[in-house]
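Engineer: If you're matching positions, the sequence shown starts at 953 in this note's numbering and goes up one per residue.
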Amino acid sequence: MASIPYFLFLKAIIPHLVIFAIYARLQEEGFLSLGCGRAPEWTYPDAWGIQWVSDSGYVSGGTTYNLPNDDAYLPRRTMRLFQGNQSKYCYNLSNNAVRLGAAFLLRVYIRPGQTPPYTPKSANGTMVFKLIVDANEWSTVSVAVNETYDNEAYVRSQGDFISVCLARSTPDGDAPFINTLELRPLPASFSSVQRMSSTNTILTEVQHYNMAPLEVSLISYPPDIADRYWRNIALDDNGPFYKINLSDIRNLTRPEDIDIAPSTLFQDSWKGSPYLSFYWTQLVPSFTFSMQFYFAEIDPQVNSTGARVFNIFINGLQETSFVGPVDVFAAVGANTPYMVSGGADSDQSGTLSVNLTPSVQSLFPSFLAGIEKFTPTRLEPLTSSHIGDISVLYST
(Lines of atoms letter the chains of each structure in order from A and count residues from 1; the text may use other names and numbers.)
(Lines give C-alpha, C1' and ligand atoms only; values in the text may rest on other atoms or scores of the structure.)
Protein backbone atom coordinates (compact mmCIF):
# COMPACT_ATOMS: atom_id res chain seq x y z
CA MET A 1 0.00 0.00 0.00
CA ALA A 2 1.42 3.38 -0.97
CA SER A 3 1.58 6.00 1.76
CA ILE A 4 0.79 9.61 0.91
CA PRO A 5 2.31 11.69 3.72
CA TYR A 6 -0.04 14.24 5.24
CA PHE A 7 2.70 16.87 5.06
CA LEU A 8 3.52 16.19 1.41
CA PHE A 9 2.10 19.58 0.40
CA LEU A 10 3.11 21.40 3.53
CA LYS A 11 6.81 20.60 3.56
CA ALA A 12 7.81 20.02 -0.02
CA ILE A 13 10.19 22.05 -2.14
CA ILE A 14 8.06 23.01 -5.10
CA PRO A 15 9.64 22.00 -8.42
CA HIS A 16 10.81 25.10 -10.22
CA LEU A 17 10.80 23.77 -13.76
CA VAL A 18 7.40 23.05 -15.25
CA ILE A 19 7.40 21.10 -18.47
CA PHE A 20 4.40 22.95 -19.89
CA ALA A 21 5.99 26.39 -20.30
CA ILE A 22 5.22 26.31 -24.02
CA TYR A 23 1.64 27.27 -23.14
CA ALA A 24 2.64 30.64 -21.62
CA ARG A 25 0.11 33.42 -22.15
CA LEU A 26 -1.36 36.39 -20.34
CA GLN A 27 -2.60 35.46 -16.89
CA GLU A 28 -6.28 34.98 -16.12
CA GLU A 29 -8.34 37.93 -14.91
CA GLY A 30 -8.41 38.14 -11.13
CA PHE A 31 -4.97 36.64 -10.49
CA LEU A 32 -3.07 38.41 -7.69
CA SER A 33 0.53 37.32 -7.01
CA LEU A 34 2.45 39.05 -4.23
CA GLY A 35 6.20 38.94 -3.69
CA CYS A 36 6.44 39.62 0.04
CA GLY A 37 9.02 42.07 1.31
CA ARG A 38 9.64 43.56 -2.13
CA ALA A 39 10.11 47.26 -2.83
CA PRO A 40 6.86 49.06 -3.74
CA GLU A 41 7.81 49.47 -7.40
CA TRP A 42 8.89 45.84 -7.88
CA THR A 43 7.20 43.75 -10.58
CA TYR A 44 8.13 40.47 -12.20
CA PRO A 45 6.49 38.76 -15.21
CA ASP A 46 7.37 35.08 -14.98
CA ALA A 47 7.83 32.54 -17.76
CA TRP A 48 4.21 31.36 -17.51
CA GLY A 49 2.62 34.76 -18.01
CA ILE A 50 1.91 35.46 -14.33
CA GLN A 51 2.53 39.05 -13.24
CA TRP A 52 4.05 39.37 -9.76
CA VAL A 53 3.88 42.62 -7.79
CA SER A 54 5.11 43.86 -4.42
CA ASP A 55 3.00 43.18 -1.34
CA SER A 56 3.64 46.68 0.01
CA GLY A 57 0.26 48.00 -1.14
CA TYR A 58 -1.67 45.20 0.56
CA VAL A 59 -0.19 45.10 4.08
CA SER A 60 1.04 47.51 6.71
CA GLY A 61 4.03 46.77 8.91
CA GLY A 62 6.72 44.16 8.79
CA THR A 63 10.29 44.34 7.55
CA THR A 64 12.08 42.95 4.52
CA TYR A 65 14.47 40.04 4.86
CA ASN A 66 16.48 38.79 1.88
CA LEU A 67 17.10 35.08 1.50
CA PRO A 68 20.33 33.74 0.03
CA ASN A 69 20.01 33.14 -3.69
CA ASP A 70 19.25 29.44 -3.20
CA ASP A 71 15.73 29.46 -4.63
CA ALA A 72 15.54 29.43 -8.42
CA TYR A 73 12.14 31.15 -8.49
CA LEU A 74 12.78 34.86 -8.06
CA PRO A 75 9.57 35.98 -6.23
CA ARG A 76 10.43 33.69 -3.29
CA ARG A 77 13.85 35.16 -2.54
CA THR A 78 12.56 37.69 -0.02
CA MET A 79 10.19 37.54 2.93
CA ARG A 80 8.16 39.97 4.99
CA LEU A 81 8.90 39.45 8.68
CA PHE A 82 6.47 40.59 11.39
CA GLN A 83 8.41 41.01 14.65
CA GLY A 84 6.14 43.57 16.32
CA ASN A 85 3.77 42.99 19.21
CA GLN A 86 0.45 43.22 17.35
CA SER A 87 -1.90 40.29 17.81
CA LYS A 88 -1.87 39.70 14.05
CA TYR A 89 -0.72 41.23 10.79
CA CYS A 90 -3.18 41.24 7.91
CA TYR A 91 -3.12 41.44 4.14
CA ASN A 92 -6.18 42.97 2.49
CA LEU A 93 -6.53 41.25 -0.88
CA SER A 94 -8.76 42.90 -3.44
CA ASN A 95 -9.11 43.32 -7.18
CA ASN A 96 -11.94 43.46 -9.70
CA ALA A 97 -12.76 39.77 -9.16
CA VAL A 98 -13.21 40.00 -5.37
CA ARG A 99 -16.89 40.46 -4.61
CA LEU A 100 -19.40 39.01 -2.19
CA GLY A 101 -19.74 35.24 -2.60
CA ALA A 102 -16.97 34.80 -5.18
CA ALA A 103 -14.68 31.81 -4.61
CA PHE A 104 -10.90 31.85 -4.63
CA LEU A 105 -7.85 29.69 -4.16
CA LEU A 106 -5.38 31.14 -1.65
CA ARG A 107 -1.78 29.91 -1.58
CA VAL A 108 1.07 30.78 0.76
CA TYR A 109 4.73 29.91 0.36
CA ILE A 110 6.93 30.17 3.45
CA ARG A 111 10.65 29.42 3.51
CA PRO A 112 13.17 30.67 6.11
CA GLY A 113 16.18 29.71 3.99
CA GLN A 114 19.55 28.52 5.20
CA THR A 115 20.08 31.53 7.46
CA PRO A 116 16.70 32.42 9.01
CA PRO A 117 16.05 35.87 10.48
CA TYR A 118 15.92 34.58 14.07
CA THR A 119 16.50 31.51 16.21
CA PRO A 120 13.35 29.40 16.64
CA LYS A 121 11.83 29.20 20.11
CA SER A 122 11.32 25.43 20.05
CA ALA A 123 14.03 22.95 20.91
CA ASN A 124 13.42 21.01 17.70
CA GLY A 125 14.33 24.02 15.55
CA THR A 126 10.93 24.62 13.95
CA MET A 127 9.26 28.00 13.63
CA VAL A 128 5.57 27.91 14.51
CA PHE A 129 2.88 30.52 13.87
CA LYS A 130 -0.69 30.78 12.61
CA LEU A 131 -2.44 31.63 9.36
CA ILE A 132 -5.92 33.18 9.52
CA VAL A 133 -8.27 33.93 6.63
CA ASP A 134 -11.04 36.41 7.44
CA ALA A 135 -12.40 35.13 10.79
CA ASN A 136 -11.27 31.51 10.25
CA GLU A 137 -8.09 29.88 11.46
CA TRP A 138 -6.54 28.48 8.31
CA SER A 139 -3.51 26.52 9.49
CA THR A 140 -0.61 26.32 11.90
CA VAL A 141 2.71 26.82 10.13
CA SER A 142 5.56 24.61 11.30
CA VAL A 143 8.75 24.97 9.28
CA ALA A 144 12.43 24.36 9.99
CA VAL A 145 15.60 25.93 8.63
CA ASN A 146 15.94 25.38 4.87
CA GLU A 147 12.55 23.68 4.68
CA THR A 148 9.50 24.86 2.77
CA TYR A 149 5.89 25.22 3.89
CA ASP A 150 3.19 25.80 1.29
CA ASN A 151 -0.54 25.55 1.74
CA GLU A 152 -3.71 26.12 -0.26
CA ALA A 153 -7.23 26.97 0.82
CA TYR A 154 -10.50 27.52 -1.04
CA VAL A 155 -12.47 30.46 0.36
CA ARG A 156 -15.50 32.59 -0.47
CA SER A 157 -15.27 36.34 -0.25
CA GLN A 158 -17.48 37.95 2.40
CA GLY A 159 -17.19 41.39 0.83
CA ASP A 160 -14.92 43.36 -1.46
CA PHE A 161 -11.70 42.10 0.12
CA ILE A 162 -10.25 38.92 1.62
CA SER A 163 -8.16 39.18 4.76
CA VAL A 164 -5.14 36.89 5.22
CA CYS A 165 -3.47 37.33 8.61
CA LEU A 166 -0.34 35.97 10.27
CA ALA A 167 -0.06 35.71 14.06
CA ARG A 168 2.23 34.30 16.73
CA SER A 169 0.97 31.04 18.23
CA THR A 170 1.55 32.46 21.72
CA PRO A 171 2.31 36.02 22.88
CA ASP A 172 6.03 35.19 23.10
CA GLY A 173 6.05 32.74 20.17
CA ASP A 174 7.91 32.82 16.89
CA ALA A 175 7.49 35.91 14.72
CA PRO A 176 5.51 35.09 11.55
CA PHE A 177 6.85 35.66 8.05
CA ILE A 178 5.81 34.97 4.47
CA ASN A 179 7.55 34.80 1.08
CA THR A 180 4.68 34.80 -1.42
CA LEU A 181 0.89 35.06 -1.28
CA GLU A 182 -1.37 34.22 -4.23
CA LEU A 183 -5.06 34.70 -5.00
CA ARG A 184 -6.75 32.81 -7.85
CA PRO A 185 -10.44 32.98 -8.86
CA LEU A 186 -12.29 29.66 -8.87
CA PRO A 187 -15.13 29.01 -11.35
CA ALA A 188 -18.58 28.82 -9.79
CA SER A 189 -19.08 25.55 -11.71
CA PHE A 190 -16.49 23.74 -9.58
CA SER A 191 -18.21 21.10 -7.48
CA SER A 192 -15.88 22.02 -4.61
CA VAL A 193 -17.11 25.62 -4.79
CA GLN A 194 -20.74 24.51 -4.88
CA ARG A 195 -20.04 22.28 -1.89
CA MET A 196 -18.64 25.25 0.05
CA SER A 197 -21.75 27.27 -0.68
CA SER A 198 -24.21 24.51 0.22
CA THR A 199 -22.44 23.56 3.47
CA ASN A 200 -21.33 27.06 4.55
CA THR A 201 -17.69 26.01 4.77
CA ILE A 202 -14.27 26.89 3.46
CA LEU A 203 -11.85 24.18 2.34
CA THR A 204 -8.40 24.14 3.93
CA GLU A 205 -5.30 21.95 3.53
CA VAL A 206 -6.25 21.56 -0.14
CA GLN A 207 -4.18 18.92 -1.93
CA HIS A 208 -4.03 17.95 -5.62
CA TYR A 209 -2.24 14.78 -6.75
CA ASN A 210 -1.27 13.67 -10.23
CA MET A 211 -0.87 9.90 -10.51
CA ALA A 212 2.03 9.86 -12.94
CA PRO A 213 5.54 8.47 -13.41
CA LEU A 214 8.45 10.21 -11.74
CA GLU A 215 9.56 12.10 -14.84
CA VAL A 216 6.28 14.04 -15.01
CA SER A 217 6.71 17.43 -13.35
CA LEU A 218 4.32 19.77 -11.59
CA ILE A 219 1.12 20.67 -13.46
CA SER A 220 -0.09 24.21 -12.81
CA TYR A 221 -0.91 27.33 -14.84
CA PRO A 222 -1.43 27.69 -17.76
CA PRO A 223 -2.64 24.09 -18.37
CA ASP A 224 -4.75 24.56 -15.24
CA ILE A 225 -6.67 27.83 -15.53
CA ALA A 226 -7.21 27.90 -11.75
CA ASP A 227 -3.43 27.49 -11.16
CA ARG A 228 -3.85 24.54 -8.84
CA TYR A 229 -0.58 22.73 -8.08
CA TRP A 230 -1.00 19.12 -9.20
CA ARG A 231 2.01 17.34 -7.76
CA ASN A 232 3.29 14.04 -9.04
CA ILE A 233 3.56 11.77 -6.03
CA ALA A 234 5.53 9.11 -7.95
CA LEU A 235 3.77 6.18 -6.32
CA ASP A 236 5.83 3.73 -8.34
CA ASP A 237 8.73 4.96 -10.44
CA ASN A 238 8.58 1.83 -12.59
CA GLY A 239 4.87 1.89 -13.32
CA PRO A 240 2.59 0.33 -14.30
CA PHE A 241 0.85 3.24 -16.00
CA TYR A 242 -1.50 3.76 -18.88
CA LYS A 243 -0.22 6.47 -21.21
CA ILE A 244 -1.64 8.51 -24.07
CA ASN A 245 0.03 11.05 -26.34
CA LEU A 246 -0.25 14.69 -25.34
CA SER A 247 -1.68 15.54 -28.78
CA ASP A 248 -4.54 13.11 -28.13
CA ILE A 249 -5.08 14.47 -24.63
CA ARG A 250 -5.57 17.98 -25.98
CA ASN A 251 -8.55 16.69 -27.94
CA LEU A 252 -10.26 15.18 -24.90
CA THR A 253 -13.83 16.18 -24.26
CA ARG A 254 -13.96 18.26 -21.07
CA PRO A 255 -17.42 18.29 -19.44
CA GLU A 256 -18.10 21.22 -17.12
CA ASP A 257 -18.83 18.91 -14.21
CA ILE A 258 -15.24 17.62 -13.91
CA ASP A 259 -13.95 20.82 -12.28
CA ILE A 260 -12.08 21.73 -15.47
CA ALA A 261 -9.09 19.61 -14.53
CA PRO A 262 -6.14 20.18 -16.89
CA SER A 263 -6.03 17.82 -19.86
CA THR A 264 -2.42 16.96 -19.02
CA LEU A 265 -3.65 15.34 -15.79
CA PHE A 266 -5.19 12.55 -17.88
CA GLN A 267 -2.10 11.83 -19.96
CA ASP A 268 -1.10 9.11 -17.48
CA SER A 269 -3.21 6.84 -15.28
CA TRP A 270 -1.94 4.65 -12.45
CA LYS A 271 -2.94 1.03 -13.15
CA GLY A 272 -3.90 -1.38 -10.38
CA SER A 273 -2.58 -4.91 -9.90
CA PRO A 274 -5.54 -5.43 -9.93
CA TYR A 275 -6.50 -2.99 -7.13
CA LEU A 276 -5.02 0.37 -6.07
CA SER A 277 -4.38 1.16 -2.43
CA PHE A 278 -2.92 4.21 -0.67
CA TYR A 279 -3.39 6.09 2.57
CA TRP A 280 -2.81 9.26 4.59
CA THR A 281 -1.69 9.35 8.23
CA GLN A 282 -1.55 12.01 10.98
CA LEU A 283 -4.94 13.43 9.97
CA VAL A 284 -7.63 14.71 12.31
CA PRO A 285 -9.18 11.54 13.81
CA SER A 286 -12.79 10.64 12.95
CA PHE A 287 -13.16 13.58 10.55
CA THR A 288 -15.02 13.72 7.24
CA PHE A 289 -12.81 14.96 4.41
CA SER A 290 -13.98 15.80 0.90
CA MET A 291 -12.34 13.89 -1.94
CA GLN A 292 -12.49 13.99 -5.72
CA PHE A 293 -11.21 11.18 -7.96
CA TYR A 294 -10.36 11.83 -11.63
CA PHE A 295 -10.39 9.28 -14.46
CA ALA A 296 -10.23 9.06 -18.25
CA GLU A 297 -10.53 5.75 -20.08
CA ILE A 298 -7.41 6.02 -22.27
CA ASP A 299 -6.78 2.29 -22.72
CA PRO A 300 -8.00 1.43 -26.26
CA GLN A 301 -8.72 -2.15 -25.16
CA VAL A 302 -11.51 -0.89 -22.91
CA ASN A 303 -14.23 -0.29 -25.48
CA SER A 304 -17.46 -1.51 -23.90
CA THR A 305 -19.63 -1.04 -20.84
CA GLY A 306 -18.69 -3.41 -18.03
CA ALA A 307 -15.12 -4.01 -19.21
CA ARG A 308 -13.64 -2.03 -16.30
CA VAL A 309 -15.77 -1.73 -13.16
CA PHE A 310 -14.50 -1.03 -9.66
CA ASN A 311 -15.59 0.21 -6.25
CA ILE A 312 -14.04 2.79 -3.94
CA PHE A 313 -13.47 1.66 -0.35
CA ILE A 314 -12.52 4.04 2.48
CA ASN A 315 -10.84 2.39 5.48
CA GLY A 316 -12.09 -0.98 4.27
CA LEU A 317 -15.72 0.11 3.85
CA GLN A 318 -17.44 0.88 0.56
CA GLU A 319 -17.98 4.63 0.44
CA THR A 320 -21.63 5.08 -0.45
CA SER A 321 -21.29 8.84 -0.96
CA PHE A 322 -19.27 8.16 -4.12
CA VAL A 323 -20.95 7.16 -7.36
CA GLY A 324 -20.35 3.45 -7.53
CA PRO A 325 -19.57 1.00 -8.74
CA VAL A 326 -17.47 3.12 -11.12
CA ASP A 327 -17.60 2.35 -14.85
CA VAL A 328 -15.94 5.26 -16.63
CA PHE A 329 -16.61 3.98 -20.15
CA ALA A 330 -20.30 3.47 -19.38
CA ALA A 331 -20.54 6.97 -17.94
CA VAL A 332 -18.70 9.05 -20.57
CA GLY A 333 -17.05 6.75 -23.12
CA ALA A 334 -13.38 6.71 -24.09
CA ASN A 335 -10.86 9.57 -23.81
CA THR A 336 -13.21 11.72 -21.75
CA PRO A 337 -12.46 13.04 -18.24
CA TYR A 338 -14.72 11.81 -15.47
CA MET A 339 -14.86 12.68 -11.78
CA VAL A 340 -16.53 11.18 -8.72
CA SER A 341 -16.61 12.96 -5.38
CA GLY A 342 -17.84 12.44 -1.85
CA GLY A 343 -16.97 12.34 1.82
CA ALA A 344 -14.25 10.14 3.31
CA ASP A 345 -13.87 9.55 7.06
CA SER A 346 -10.53 9.15 8.80
CA ASP A 347 -10.44 6.48 11.51
CA GLN A 348 -9.85 7.01 15.24
CA SER A 349 -6.07 7.00 14.73
CA GLY A 350 -6.18 9.70 12.05
CA THR A 351 -5.56 7.33 9.14
CA LEU A 352 -7.52 7.50 5.89
CA SER A 353 -6.99 4.58 3.53
CA VAL A 354 -8.37 4.36 -0.01
CA ASN A 355 -8.77 1.18 -2.01
CA LEU A 356 -10.02 0.95 -5.60
CA THR A 357 -11.09 -2.66 -6.07
CA PRO A 358 -12.31 -4.13 -9.40
CA SER A 359 -15.55 -6.07 -9.38
CA VAL A 360 -15.53 -9.83 -9.89
CA GLN A 361 -16.83 -9.40 -13.46
CA SER A 362 -14.34 -6.66 -14.42
CA LEU A 363 -11.95 -7.58 -17.24
CA PHE A 364 -9.46 -4.83 -16.37
CA PRO A 365 -7.90 -3.56 -13.13
CA SER A 366 -8.84 -0.34 -11.38
CA PHE A 367 -7.05 2.86 -12.40
CA LEU A 368 -6.71 6.51 -11.39
CA ALA A 369 -5.47 9.73 -13.04
CA GLY A 370 -5.68 12.22 -10.17
CA ILE A 371 -7.11 12.92 -6.76
CA GLU A 372 -7.95 15.95 -4.61
CA LYS A 373 -8.46 16.08 -0.85
CA PHE A 374 -10.07 18.94 1.09
CA THR A 375 -10.58 19.67 4.78
CA PRO A 376 -13.99 21.36 5.25
CA THR A 377 -13.96 24.09 7.90
CA ARG A 378 -17.09 25.84 9.10
CA LEU A 379 -17.21 29.39 7.77
CA GLU A 380 -17.05 31.98 10.51
CA PRO A 381 -18.86 35.14 9.42
CA LEU A 382 -16.74 38.25 9.11
CA THR A 383 -18.45 40.61 11.56
CA SER A 384 -18.15 44.38 11.76
CA SER A 385 -15.77 44.01 14.71
CA HIS A 386 -13.47 41.77 12.65
CA ILE A 387 -13.53 44.26 9.79
CA GLY A 388 -12.76 47.08 12.20
CA ASP A 389 -9.82 45.19 13.68
CA ILE A 390 -8.40 44.49 10.24
CA SER A 391 -8.86 48.11 9.14
CA VAL A 392 -7.02 49.37 12.22
CA LEU A 393 -4.14 46.95 11.64
CA TYR A 394 -3.94 47.91 7.99
CA SER A 395 -3.86 51.63 8.70
CA THR A 396 -1.27 51.58 11.47
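By construction, the Cβ of each residue, glycine as well, lies at the ideal position given by its N, Cα and C atoms. Being a predicted model, the structure only gives us computed values, none of them experimental.
Express the C-alpha separation of Gly1258 and Ser1091 in angstroms, rounding to a whole number.
Structural biologist: On the sequence shown, residue 1091 is found 139 positions in, with the first residue counted as 1. On the sequence shown, residue 1258 is found 306 positions in, with the first residue counted as 1. Approximately 43 Å between the Cα atoms of the pair.
Engineer: Alpha carbon to alpha carbon, how far is Arg1330 from Ser1238?
Structural biologist: The sequence position of residue 1330 within the sequence shown is 378, counting from 1. The sequence position of residue 1238 within the sequence shown is 286, counting from 1. Going by the C-alpha atoms only, they are around 16 Å apart.
Engineer: Just to confirm the assignment, what range does the beta strand (DSSP E) spanning Met1031 have?
Structural biologist: Position 79 of the sequence shown, counted from the start, is the residue given in the question as residue 1031. Unbroken beta strand (DSSP E) run through Met1031: Thr1030 to Leu1033.
Engineer: Round the Cβ separation of Val1060 and Leu1045 to the nearest angstrom and send it over; I've been treating them as touching at under 8 Å.
Structural biologist: Locating residue 1060 in the sequence shown gives position 108, counting from the first residue. Locating residue 1045 in the sequence shown gives position 93, counting from the first residue. The Cβ separation is near 12 Å, so there is no contact.
Engineer: From which residue to which residue does the alpha helix (DSSP H) around Ser1150 run?
Structural biologist: Position 198 of the sequence shown holds residue 1150. First-last of the alpha helix (DSSP H) with Ser1150: Ser1143 to Thr1151.
Engineer: Using C-beta distances below 7 Å, list every residue in its chain close to Thr1327, excluding the 5 sequence neighbours before and after it, in chain order.
Structural biologist: Along the sequence shown, one-based indexing puts residue 1327 at 375. Closer than 7 Å at the Cβ level, and outside the excluded window around Thr1327, lie Leu1155, Thr1156, Glu1157 and Phe1241.
Engineer: Check whether the segment 1108-1127 and the segment 1210-1223 touch, using three or more Cβ-Cβ pairs below 8 Å as the test.
Structural biologist: Segments in contact, no.
Engineer: Does DSSP put Pro1072 in a helix, a strand or coil?
Structural biologist: Residue mapping note: residue 1072 aligns to position 120 of the sequence shown, counting from 1. It is coil, neither helix nor strand.
Engineer: What is the DSSP secondary structure of Thr1233, reduced to helix, strand or coil?
Structural biologist: Looking up residue 1233 in the sequence shown gives position 281. Coil.
Engineer: Mark Thr1309 as exposed unless 16 or more other C-beta atoms lie within 10 angstroms of its C-beta, in which case mark it buried.
Structural biologist: In the sequence shown, the residue the question calls residue 1309 occupies position 357. Its Cβ being crowded by 16 or more others within 10 Å, Thr1309 is buried.
Engineer: Looking at the structure shown, is Ile1201 part of a helix, part of a strand, or coil, going by DSSP?
Structural biologist: Here the question's residue 1201 lines up with position 249 in the sequence shown. The predicted position of Ile1201 is uncertain, since its pLDDT is 48 and thus under 50; no value can be drawn from it.
Engineer: Return helix, strand or coil for Pro1139, following the three-state DSSP convention.
Structural biologist: Taking the first residue of the sequence shown as 1, we reach residue 1139 at position 187. Pro1139: coil per DSSP, three-state reduction.
Engineer: Taking the C-alpha atoms as reference points, what is the distance between Leu1228 and Tyr1010?
Structural biologist: Taking the sequence shown and counting its residues from 1, one reaches residue 1228 at position 276. Taking the sequence shown and counting its residues from 1, one reaches residue 1010 at position 58. Each residue's Cα considered, the two are about 45 Å apart.
Engineer: Is the number of C-beta pairs between the segment 1033-1048 and the segment 1095-1102 that are closer than 8 Å three or more?
Structural biologist: With the cut-off at 8 Å, the segment 1033-1048 and the segment 1095-1102 do not touch.
Engineer: Is the beta carbon of Gln1244 less than 7 Å from the beta carbon of Glu1324?
Structural biologist: Mapped onto the sequence shown, residue 1244 falls at position 292. Mapped onto the sequence shown, residue 1324 falls at position 372. Closer than 7 Å, so yes.
Engineer: How many Å lie between Pro1226 and Ala1054 at the Cα?
Structural biologist: Counting from one through the sequence shown, the residue named residue 1226 turns up at place 274. Counting from one through the sequence shown, the residue named residue 1054 turns up at place 102. The alpha-carbon atoms of Pro1226 and Ala1054 are separated by roughly 42 Å.
Engineer: With DSSP as the reference, label Pro1310 as helix, strand or coil.
Structural biologist: For the purposes of this step, residue 1310 is taken as residue 358 along the sequence shown, with counting starting at 1. Strand, per DSSP.
Engineer: Whole angstroms is fine: what's the gap from Pro1289's alpha carbon to Tyr1231's?
Structural biologist: Within the sequence shown, residue 1289 is the residue found at index 337, counting from 1. Within the sequence shown, residue 1231 is the residue found at index 279, counting from 1. Taking the straight line from one Cα to the other gives about 24 Å.
Engineer: Are the beta-carbon atoms of Phe1262 and Val1278 separated by less than 7 Å?
Structural biologist: Residue 1262 sits at position 310 when you count from the first residue of the sequence shown. Residue 1278 sits at position 326 when you count from the first residue of the sequence shown. Yes; because the gap between Cβ atoms is below 7 Å, this pair is in contact.
Engineer: Mapping the DSSP letters down to three states, classify Arg1330 as helix, strand or coil.
Structural biologist: Residue mapping note: residue 1330 aligns to position 378 of the sequence shown, counting from 1. Correct three-state label for Arg1330: strand.
Engineer: Have a look at the DSSP bridge pairing and note the partners of Pro1289.
Structural biologist: On the sequence shown, residue 1289 is found 337 positions in, with the first residue counted as 1. DSSP, once it has assigned bridges, lists Ala1248 as partnering Pro1289.
Engineer: Which complete beta strand (DSSP E) runs does the segment 1035-1099 hold, if anything under 3 residues is left out?
Structural biologist: Correct list: 1041-1045, 1055-1062, 1078-1085 and 1088-1096.
Engineer: Are there 16 or more other CB atoms within 10 angstroms of the CB of Pro1139, so buried, or fewer, so exposed?
Structural biologist: For the purposes of this step, residue 1139 is taken as the residue at position 187 of the sequence shown. Label assigned to Pro1139: exposed.
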